[in-house]
Amino acid sequence: MKATGFISLWTLVSLPCGQLANPAEREDVVKHAIKLHRGKGAVITQRKQWVLESCRKLSGLLRQKNVVLNKLKNAIRAVEKDVGLSDEEKLFQVHTFEIFQKELNESENSVFQAIHGLQRALQGDYKDVVNMKESSRQRLEALREAAIKEEMEYVELLAAEKHQVEALKNMQHQNKSLSMLDEILEDVRKAADRLEEEIEEHAFDDNKSVRGVNFEAVLRVEEDEANSKRNASKREVEDDLGLSMLIDSQNNQYILTKPRDSTIPRADHHFIKDIVTIGMLSLPCGWLCTTIGLPTMFGYIICGVLLGPSGLNSIKSIVQVETLGEFGVFFTLFLVGLEFSPERLRKVWKISLQGPCYMTVLMIAFGLLWGHLLQIRPTQSVFISTCLSLSSTPLVSRFLAGSVRGDKEGDIDYSSVLLGMLVMQDVQLGLFIAVMPTLIQAGVSTHSSIFKEILRILILIGQILFSLAAVFLLCLVIKTYLIGPYYRKLHAESKGNKEILILGITAFTFLMLTITELLDVSMELGCFLAGALISSQGHMVTEEIMCCIEPIRDFLAIIFFASIGLHVFPTFVIYELTVLLFLTLSVVIMKFVLAVLVLSLILPKTSQYIKWIVSAGLAQVSEFSFVLGSRARRAGIISREVYLLILSVTTLSLLLAPALWRAAIMKCVPRPERRSST
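Counting with mature numbering (1 follows the signal peptide of the UniProt record, and there is no 0), you get residues -20 to -1, 1 to 658 for the letters of the sequence shown.
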């Protein structure tokens, strides 16, 4: 009887309310229905009459639905027995009847889901926010599933409509004689249909039941146009092409990555406009920085700030711009390796290995000390210290680009030490990215499992060291047996055509990148090693390749530094300028002092003078802290406030780096070298 009461309540609310135009009248009906359900405001006979009438209406609809289902079953059997229909036509008609059956069953299911939701809401406590949230979540899940089912039915109906149109065309073709051209076009149409069926992946149906896949409500946004007529016609085209933007409830924006129909070429016009805008605005920003004596890279960062979320907010494809910018890092490190020959690497390998390790350990020790004083979690302290211990390889590479480094006989070149330490930091970056999942678990682990976590970290470090050993062994094999014949073949094939040479060098770089990625080492290290291996072929080879690759590197580096500017927020820096300046100066001074201390211990006495230049090159924070910070924020290691502090300190340290570098060059480098180094 209780369930019947709820059915009647739902019927009373849903049927009469649709006939009432006044909202006040609808509200009175709903209040009266609730009173009736709770036994208030009506006599027993009136309530019984209302229950019987409402149940009679609902049961009548259900009986009518069962009658229609029986008729559909009979129609399906009649179609299957009809010998005048082809197998394809039988399948089509049966499928159409089944779609109608599914629609009826889903409609009935929606009715009882609504009744169940109303029952749960009436039984709950309206003051209990948790219960209301759970009810809302269940309704949202039911609506998502219903939307998916309705979408599937709509797609099936579209397919049925398409089949009907094709059947009508076939009947018309049978009633008239076709010309030779029409017959050819008909054969082409059938072949095109088969092609679409073969290349269609059915990704939606294949992934909707995969574990971890959730149904989400999204908004589909069309591109605004001044001309409404043009916008309307364009929208009709985009409905087929899928070029619209999707926005989910978390304000994430999505674009098309792979279309259903791969036979039609498509282009992401938002991405094209973003790259064009960055390219045009980077020129005046770069000129401005050159005029005031700053490196052009800061002009590109300013370009990203102006176009990013904190500025004009005109960049729509932020993820795609950042992805393209990563190739700027790859080619920058390739050219760094091209200038950093294995002979120079062998000369400073001990310093390059020991220096970054000592600095990282000291930074983590100071971070844990300050974290203990400020009551910060150890995992958060370790993460922040590791982020701040890294330095920017692309920035220092720009500082060293084209500089004349005429070191004395027996002395160590400061550029070799600096680049060697930066490469080791890139290795540490890959190691830290690999350890981050364990660090995340350690942050939520109990004290009883700390030993297991430490053991797990040590095992993971052992795996990374094994991967590094495998990478360097592979490099030795490539240098000894493969790189020489490979380059000679490229050089022979590329006479009069530099495309083959550029493509061959790029392919080799991407091969090394892929190998280091598969071995769980940073991709940046693979690019550096690719350049170092090619540089072993001699100075002439290095010059030839550098002339070909540098223009590509320069353009992609513009995109990379502009993508950094997309994550710089001037308003936040202005609001917290005092705190950020204090933190940035503290970090820069601490890194400089630690680098001087470490280099004083590991450098030979004859090369002690270069410790000031190397320390100045290391006294800033790497742009990869943006990547690490975003991952840590998503994982819950750091808060939003700490993430913004890391971004701001990194940006300010990069802005201070040229001044510190120039001061060190002015102090330590002789005048003939000073001009080219700055």
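All C-beta atoms in this analysis are idealised placements derived from N, C-alpha and C, irrespective of residue type, glycine included.
Residues near L563 in its chain [Cβ-Cβ closer than 6 angstroms; skip 5 each side]: By one-based count along the sequence shown, residue 563 stands at place 583. Correct list, in chain order: V629.
Q600 beta carbon less than 8 angstroms from that of L636: Here residue 636 refers to the residue found at position 656 when the sequence shown is read from its first residue. Here residue 600 refers to the residue found at position 620 when the sequence shown is read from its first residue. Going by C-beta atoms, L636 is nearer than 8 angstroms to Q600.
Nearest-angstrom Cβ-Cβ length linking V568 and S516, presumed shorter than 8 angstroms: Counting from one through the sequence shown, the residue named residue 568 turns up at place 588. Counting from one through the sequence shown, the residue named residue 516 turns up at place 536. Actually they are not in contact, since the Cβ atoms of V568 and S516 sit about 36 angstroms apart, beyond 8 angstroms.
Own chain, CB closer than 8 angstroms to A575, minus 5 neighbours either side, in chain order: As a first step, residue 575 must be located in the sequence shown, where it is residue number 595. Within the same chain, A575 has close Cβ partners G335, M339, K591, V594, S595, L598 and A599.
Integer Cβ distance of V403 from F508, believed to fall under 8 angstroms: What you label residue 403 is simply residue 423 of the sequence shown in a count that begins at 1. What you label residue 508 is simply residue 528 of the sequence shown in a count that begins at 1. About 6 angstroms; that satisfies the 8 angstroms criterion.
Local conformation of D62 per DSSP, three classes: Within the sequence shown, numbered from 1, the residue matching residue 62 stands at position 82. Looking at D62 - three-state DSSP - the assignment turns out to be coil, as it is neither helix nor strand.
Proximity to T243 [Cα-Cα], best of Q118, V501 and A171: Here residue 243 refers to the residue found at position 263 of the sequence shown. Checked all of Q118, V501 and A171; the closest Cα to T243 is A171.
Buried versus exposed, by CB contacts within 10 Å (16 or more), Y394: Within the sequence shown, the letter at position 414 stands for residue 394. Y394 sits buried, since 16 or more C-beta atoms from the chains shown fall within 10 Å of its C-beta.
Spatially closest choice to R43 from L120, N85, L577 and V578, by CA coordinates: On the sequence shown, position 63 is the one that residue 43 refers to. Relative to the Cα of R43, the nearest Cα in the group L120, N85, L577 and V578 belongs to N85.
Identity of the residue in G64, Q360 and V198 nearest A612 by Cα: Taking the sequence shown and counting its residues from 1, the one referred to as residue 612 is at position 632. Taking A612 as reference, the option from G64, Q360 and V198 with the minimal CA-CA separation is Q360.
Residue burial classification, P264 (beta-carbon count within 10 angstroms, cutoff 16): The residue you call residue 264 lines up with position 284 of the sequence shown. That one is exposed.
Counterpart residues of L199 in DSSP-defined beta bridges: Translated into positions along the sequence shown, residue 199 becomes position 219. The secondary-structure analysis by DSSP pairs L199 across a beta bridge with I227.
Extent of the continuous alpha helix (DSSP H) run through V578: Counting from one through the sequence shown, the residue named residue 578 turns up at place 598. L557 to I582 is the span of the alpha helix (DSSP H), which, as asked, contains V578.
With 16 other Cβ atoms within 10 Å as the buried cut-off, status of P374: Looking up residue 374 in the sequence shown gives position 394. Note on P374: 16 or more other CB atoms within 10 angstroms of its CB, so buried under the neighbour-count rule.
For Y234: DSSP bridge partner residues: Translated into the one-based positions of the sequence shown, residue 234 becomes position 254. L226, per the DSSP bridge assignment.
Nearest-angstrom Cβ-Cβ length linking G284 and L505, presumed shorter than 8 angstroms: Here residue 284 corresponds to residue number 304 of the sequence shown, with the count starting at 1. Here residue 505 corresponds to residue number 525 of the sequence shown, with the count starting at 1. Contact check for G284 and L505: beta-carbon distance about 26 angstroms, past the 8 angstroms limit, so the pair fails to qualify.
Backbone secondary structure at E603 - three-state DSSP: The residue labelled residue 603 in the question sits at position 623 within the sequence shown. Note: E603 maps to coil in three-state DSSP.
Proximity of S262 and A542 at Cβ, strictly below 8 angstroms: Indexing the sequence shown from 1 puts residue 262 at position 282. Indexing the sequence shown from 1 puts residue 542 at position 562. Yes.
Three or more C-beta pairs below 8 angstroms linking the segment 307 to 315 and the segment 493 to 504: Yes, they touch.
Status (buried if at least 16 other CB within 10 Å, exposed otherwise) for L435: For this step, residue 435 is matched to residue 455 along the sequence shown. Around the C-beta of L435, fewer than 16 other C-beta atoms lie within 10 Å, and the residue is accordingly described as exposed.
DSSP three-state assignment for F535, whether helix, strand or coil: Within the sequence shown, the letter at position 555 stands for residue 535. F535: helix per DSSP, three-state reduction.
Buried versus exposed call for P275 [16 or more other C-beta atoms within 10 Å across all chains shown]: One-based indexing of the sequence shown puts residue 275 at position 295. So P275 ends up on the buried side.
Cβ-based neighbour list, S365, same chain, cut-off 6 angstroms, excluding 5 preceding and 5 following: Numbered from its first residue, the sequence shown carries residue 365 at position 385. Excluding the 5 residues flanking it on each side, S365 has same chain C-beta neighbours closer than 6 angstroms at M343, I344 and G347, in chain order.
Extent of the continuous alpha helix (DSSP H) to which D248 belongs: On the sequence shown, residue 248 is found 268 positions in, with the first residue counted as 1. Looking at the DSSP string, D248 is not in any alpha helix (DSSP H), and its letter there is neither H nor E.
CB of I444 within 8 angstroms of CB of D500, strictly: Walking along the sequence shown from the start, residue 444 turns up at place 464. Walking along the sequence shown from the start, residue 500 turns up at place 520. Yes, they are a contact pair.
When I227, E130, K296 and I482 are compared against K253, the one with the closest alpha-carbon: To locate residue 253, count along the sequence shown from 1; it is residue 273. If we check each option's Cα against that of K253, K296 comes out closest.
Ranges of the beta strand (DSSP E) found wholly within the segment 450 to 484, counting only runs of at least 3: If one requires a minimum length of 3 residues, no beta strand (DSSP E) run lies completely within the segment 450 to 484.
Contact check, G511 vs G317, beta carbons under 8 angstroms: Numbered from 1 along the sequence shown, position 531 holds the residue referred to as residue 511. Numbered from 1 along the sequence shown, position 337 holds the residue referred to as residue 317. Their beta carbons are under 8 angstroms apart, which means G511 touches G317 by this criterion.
Range covered by the alpha helix (DSSP H) that runs through N89: Within the sequence shown, the letter at position 109 stands for residue 89. From DSSP, the alpha helix (DSSP H) with N89 extends over D67 to Q103.
Sequence ranges, alpha helix (DSSP H) only - wholly within the segment 497 to 553, length at least 4: With a minimum length of 4 residues, the unbroken runs of alpha helix (DSSP H) contained wholly in the segment 497 to 553 fall at 503 to 515 and 519 to 545.
With 16 other Cβ atoms within 10 Å as the buried cut-off, status of T426: Position 446 of the sequence shown, counted from the start, is the residue given in the question as residue 426. Residue confidence is low: T426 scores 47 on pLDDT, short of 50, so the model does not pin down where it sits. Its coordinate-derived value is still stated next. When all chains shown are included, T426 counts as exposed.
8 angstroms CB neighbourhood of D62 in its chain, flanking five on each side removed: In the sequence shown, residue 62 corresponds to position 82, counting from 1. Correct list, in chain order: K70.
Secondary structure of D393, DSSP reduced to three states: Here residue 393 corresponds to residue number 413 of the sequence shown, with the count starting at 1. Coil, per DSSP.
Cβ-based neighbour list, P531, same chain, cut-off 6 angstroms, excluding 5 preceding and 5 following: In the sequence shown, the residue the question calls residue 531 occupies position 551. Contacts found: none.
Residue 662 vs C527 beta-carbon contact at 8 angstroms: Nothing about residue 662 can be read from this structure; the chain reaches only from -20 to 658.
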